[in-house]
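Going by the UniProt record's numbering, the residue at position 262 of the sequence shown is 262; the numbering climbs one at a time, nothing skipped.
All residues carry an ideal CB built from backbone N, CA and C; glycine is no exception.
Here the structure is a predicted model, which is why all the values come from computation and not from measurement.
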Amino acid sequence: MMDLLEFPAPSRASFVSRVASRLGRAVRGLPPSVIVGSLILLFWIACALFGDRVVPYDPYAEDFLATLTPPDAAHWFGTDHLGRDVLSRIIVGSRDILLVAPLATLGGVAAGTVIGLVLGYFDGLVDAIGARLLDTLMAFPFIVLVTMTLVALGPSNLTVILVIAIAYAPLVARTVRAAVREQREREYVSAARLGGENAFAIMVLEILPNVRETILIELVTRLGYAFFSIATLSFLGLGIQPPSADWGLAVADGYGFLTGGKWWVVVFNSAAIVSLVMATNLIAQGIGAFENVER
């Protein structure tokens, strides 16, 4: 029997180096905007997951002797009207928005994709009625529709997720419908019909893979809108509720102190919101440009 020692198992170091090499090649093939946006997004995800372990202060601890302290060596981003460290609250405050926004976006994109597939594939009465319903739903201003619904149902994280998902579904459906209508005229769809495949199989197995880029761009773009929408609703008192350290709530709390020159609470929390929206926009633009080059 051949000595097994002649075939040593690959070392852990060589395995890690191969993985690192493959990741490096993959990263080099990505547009710079995707890399920058992903790094920003990964930073906030790390804050959401591990922020409570690295914050310099307890984000919920009140210190009435240090209220609205400007940024200094002790509190890099200053303190709020209750003496809470702004930097610590921004780090921990990423948790709720990074939970609610992706869930709402996934729900809206999933529902919109299903609706868009059906309307785009079936022509005639189904598409005509569905298209008119989508136009009717999109005629309502987004923030008005969401605000009215949240006032009626009451604010909570679950309600925000459901309402934003329902509001985004028609927008995604319209985009997916247009992409599916273009694909259904292709030869591969005609061949699938001649091969005896039913409508469900053609939509899911044939057309869906060919519109995945459109769906992915919609997913990332809507995620950026969801970040901004949730922050806006929290600012209005209809989104994420206290005692969360949510950024929109912090902007609402600090807004009244701007006239007194106490700018740091609003500015730093607003910058966090902008960074998330900018990150998703960079990723979406990069994916779109990359797909155009590939074609």
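query = Can the beta-carbon of serine 94 be found less than 9 Å from the beta-carbon of glycine 51?
reply = yes
Please classify valine 251: is it buried, with 16 or more other beta-carbons within 10 angstroms of its beta-carbon, or exposed?
-> buried
Checklist entry - Considering only residues of the same chain and omitting the five flanking positions on each side of alanine 128, which have a CB-CB separation below 6 Å? => result Apart from the 5 residues on each side of it in sequence, alanine 128 has no Cβ closer than 6 Å to any other Cβ in its chain.
By Cβ distance below 7 Å, which residues in the same chain neighbour leucine 134 in space, the five residues on each side in sequence not counted?
Pro170, Ala173 and Arg174
Q. In or out: serine 190 buried (at least 16 other Cβ within 10 Å) or exposed?
A. Classification for serine 190: exposed.
- prompt: Relative to the alpha-carbon of glycine 239, which residue among Phe43, Thr159 and Thr105 has its alpha-carbon at the smallest distance?
  reply: Thr159
Quick one: is aspartate 123 buried, meaning 16 or more other Cβ sit within 10 Å of its Cβ, or exposed? exposed
Three-state secondary structure assigned by DSSP to aspartate 85 = strand
task: Please work out which residues of its chain come closer than 6 Å, Cβ to Cβ, to leucine 233, disregarding the five sequence neighbours upstream and downstream, and give them in chain order.
output: Gly239
- Query: Helix, strand or coil: which one does DSSP assign to glycine 261?
  - Reply: coil
Looking at valine 118: is its Cβ nearer than 9 Å to the Cβ of valine 126?
yes
Between the alpha carbons of leucine 106 and glutamate 185, how many angstroms are there, rounded? 28 Å
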